[in-house]
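Heads up: the sequence lines are chains A and B, in that order. Here the first sequence is numbered in this note's numbering, starting from 292 and rising by one per residue. Here the second sequence is numbered in this note's numbering, starting from 2 and rising by one per residue. Heads up: the structure comes next, in structure tokens.
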Amino acid sequence: MSAVGEWRPTLPAGPPMQSGGGKRSSPLEWRWIDRLALAFAWCAGIGLCVIAAAIVGYMAYRGIEYLRPQLLVQRPSISTSQSGSGGFRDALIGTGVLTLIGIVLAVPLAVGGAIWIAEYGRPTWLARMVESAIEMVAGTPDIVIALFGLSIFQLGLLAPFSFKAAGGGVFGKSYFAAGAMMSLIALPPMFTATRDGLQAVPAHMREAAFALGKTRIATIRRVLLPSVRSNIATGVTLGVSRIIGDTAIIVLLLGDSLRIDPQGSVPGLSVLRGTGSTLTSYVYNNSPAGEGSAPQKAYAAAFVLLIFVLVLNLIVDRIGRSQADTTGMTVAGAIV
Amino acid sequence: MLERLRRPWPDIRAERTLGAVSFLVCALVVAMVVFVGIQAWPIFEHNGLSWFGGGGNLGRQLADMQNTTQHPPPSAYYMRAWPLIYGTIITTVPAVVLGLAIAIFSSIFIIELAPMRLRRVAIPVIRLLASVPSVIYGLIGILVLVPFVGNDLISTAQKESVQNVVELTGAGLSVTVVILTVMITPIMVALICEALVSVPNSWREGAVALGVNPLRAMLAVTLRAARPAIVAAAVLATARALGEAIMISMVSGSSSFVPKPIDGLVFFFEPLRTLASSIVNYNEGIGAPALGSALYAWALLLLFSAFVLSVAGYLIKLPLRKYQVRG
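Written out as structure tokens, the structure reads:
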């Protein structure tokens, strides 16, 4: 060790070093292809930021132009003019209901699966299968998940959960059906965040708990889960932002009606069985692509949606930063 | 009963419960493949592998399917999906290639060139861009870009040259590719940045010490080491682009027309349809058995491509472990 420390390089006696060898080379002296690459890198990086700023800025401009407070509390109604078609209260409630169902269904699956993978994971073949299954779900397009939902909720067994037509035909469309499929969308980020958190917990924490005579499951409940709380929070936030941003599942599994249309007489349950809308389907249906063309309403709802996404992004950032401060761990999977 | 649940669980029960939960996830995926497969089966039964081929007018075939009764004759299942597959390819491939080039250079910019202050803004901004819902991209596309392209970029002469075949409104290939690129680039940037950061700094410093300029060192050393992560990012982006349904159904013009490169410049403005966007367009007709089966067949093809891509992504990530780079 000391021999390395005391070693001094001796400069060979030769021609003096070239002038400028010590300072950073200036791009002006580079070859033209390098300068081109440099210029392209600057353009690409700044361009991407400008595009993001333009999208947010434009949506904010249009949103503030068209968003009125009463839009948030009025129910949508059918009208040919944009002034008479009401607001998007039902869509806001719909987004809330779906997020709730999706998260309630997804959290036990994701967290339980992640604990099992990280702490037990035996037999190995099953563990590998579970991991690839999650990756498969993550890679499946949401439209395919929506069609899957449509096919299972049309089955006789699950028919009570969904909307029935007057003639008794089952359409497989309801808040519950959409929420159940939303839980599949939210599953992968939650699973990944929790698993990565558990794997990053140092082994000595588990060993200390075992040495105190705690069982495995008690260690998980009292030591590991509290220490990965922020990872789970990140996963849930990412899951929520997936759910509120998803359109394909809503368009297929919730139908076209903008108003919440309860089925049956039991309060609460009737909403779950009924059809309705969410912010995304409200935007979709009010854009020229949907049934009613009301771009002003679409802009206003899209602005609200974008604010939700922004806030969720900020929350993820905040959690990640506070966690990096306290533990030095980074939140993995925070982006995709 | 409740009392038993409240007491501390024995380890073996906890392990079994958690294992069962994990198994449920597997079962869900298997159920998904099985259900979509069952519903798609009639189409493949009646068309065989020539389903992938071209022929006939797809729009008319689909309209015929929609008009059949509850028990359609086998002839009602006739369809050829090539226009949709072709539409998917000509939107996905350019978007991924374009996006990859932009993503590589902008990650170099973020990691190496950007001043600290800009970098601190750029990363959250790109993360935000990755999480903007697709319906917002679609809304901007259909209300801003489509009218712009339709009114300002396409000349009247161009519109007249193809007016007997198809109407050019602006919605079409070019708008779709542009928005798709904007949608998938941030995902790639995020993954590539992560990989570039995890390549040991000393490697690049070694190259700089040998007199290579910093950018070239980045390109030749760091980027080279992160190559598998770049391919993995491209694979993930491809999966996203393939499955994008809502945005494409809003801005692609949703016509069963097949853009032909032989039309010259007009090619870029011609409307099209992809596998995923057609499912959205025809979701009302799912009650008709023949058309419903067709929708599930498209979904099955998407599911299969997603599976292939996810296997490819896994295989590509393997050599990454050599460098302890996480992808």
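Ideal Cβ placement from N, Cα and C applies to all residues, glycine included. Model, not experiment: these values are computed from the prediction.
Considering only beta carbons, the part of the segment 316–336 of chain A lying closer than 7 Å to chain B consists of S316, W321, D325, A328, L329, F331, A332, W333, A335, G336, in chain order. Taking a C-beta cut-off of 8 Å against chain A, the contacting residues of the segment 169–187 of chain B are V183, T186, P187, listed in chain order. A straight-line Cα-Cα distance of about 34 Å links A/Y349 and B/L216. Counting the other Cβ atoms within 10 Å of the Cβ of A/R533 gives 16 or more, which makes it buried. Shown here, B/P74 sits in coil according to DSSP, grouped into three states, outside any helix or strand. The residues I476, D537, A539, I540, in chain order, have a CB closer than 7 Å to that of A/D433 in the same chain once the five nearest residues on each side in sequence are set aside.
Beta-bridge partners assigned by DSSP to A/D487: none are found. Listed in chain order, the positions of the segment 86–118 of chain B with a beta carbon within less than 9 Å of a beta carbon of chain A are A102, I103, A104, I105, F106, S107, S108, I109, F110, I111, E113, L114, A115. Scanning chain A for C-beta atoms nearer than 7 Å to the C-beta of B/L304 yields T431, V435, reported in chain order. In this structure, A/V607 lies away from A/I523, with their beta-carbon atoms at least 9 Å apart. Between A/F444 and A/G470, the beta carbon gap of about 11 Å keeps them out of contact (Cβ cut-off 8 Å).
DSSP places A/Q445 in no alpha helix (DSSP H); its state is neither H nor E.
Between A/V398 and A/V492 a beta carbon distance of about 19 Å is seen, past the 8 Å cut, so the two are scored as non-contacting.
Listed in chain order, the positions of the segment 504–536 of chain A with a beta carbon within less than 7 Å of a beta carbon of chain B are T506, R507, I508, A509, S532, G536. Fewer than three Cβ pairs drawn from the segment 379–392 of chain A and the segment 494–509 of chain A lie within less than 8 Å of each other, which leaves the two stretches out of contact. Chain-ordered, the chain A residues with CB closer than 9 Å to the CB of B/L310 read G430.
The alpha-carbon of B/K318 is positioned some 6 Å away from that of B/P229. A/R380 and A/G354 have their C-alpha atoms some 16 Å from each other. Residue range 380–406 is occupied by the alpha helix (DSSP H) that includes A/I392.
Using a Cβ-Cβ distance cut-off of 8 Å, the segment 408–422 of chain A and the segment 7–25 of chain B are in contact, since at least three pairs of beta carbons, one from each stretch, lie closer than that value. In the same chain as B/A240, and ignoring 5 residues on each side of it, the C-beta atoms closer than 6 Å to its own belong to A307, L310, in chain order.
The alpha-carbon separation between B/L63 and B/L292 amounts to approximately 7 Å. Listed in chain order, the positions of the segment 246–261 of chain B with a beta carbon within less than 7 Å of a beta carbon of chain A are A246, I247, S250, M251. The C-beta separation of B/V252 from B/I180 comes to about 6 Å, placing the pair in contact by the 8 Å criterion. Taking C-alpha positions only, A/V574 is separated from A/Y466 by approximately 18 Å.
B/L154 and B/Y283 have their C-alpha atoms roughly 30 Å apart.
Excluding residues up to 5 positions away in sequence, G463 lie with their Cβ nearer than 8 Å to the Cβ of A/S442 in the same chain.
Chain-order list of chain B residues neighbouring A/F439: M33, F36, V37, by C-beta distance under 7 Å. As DSSP reads the structure, A/G377 sits in a beta bridge with A/P367. Look at B/I193: its C-beta is not under 9 Å from any C-beta on chain A. Apart from the 5 residues on each side of it in sequence, B/N68 sits with its Cβ closer than 8 Å to the Cβ of A289 in its chain, given in chain order. Between the segment 512–520 of chain A and the segment 487–502 of chain A there are three or more inter-stretch CB-CB distances shorter than 8 Å, so the stretches are counted as touching.
The continuous stretches of alpha helix (DSSP H) do not include B/F110, and DSSP gives it neither H nor E. Under DSSP, A/D552 takes part in a beta bridge, and its partners are A/T566. Taking 8 Å as the upper bound for CB-CB distance, B/R120 and B/I111 are in contact here, some 6 Å apart. Residue contact check for A/S465 against chain B: no CB pair falls below 9 Å.
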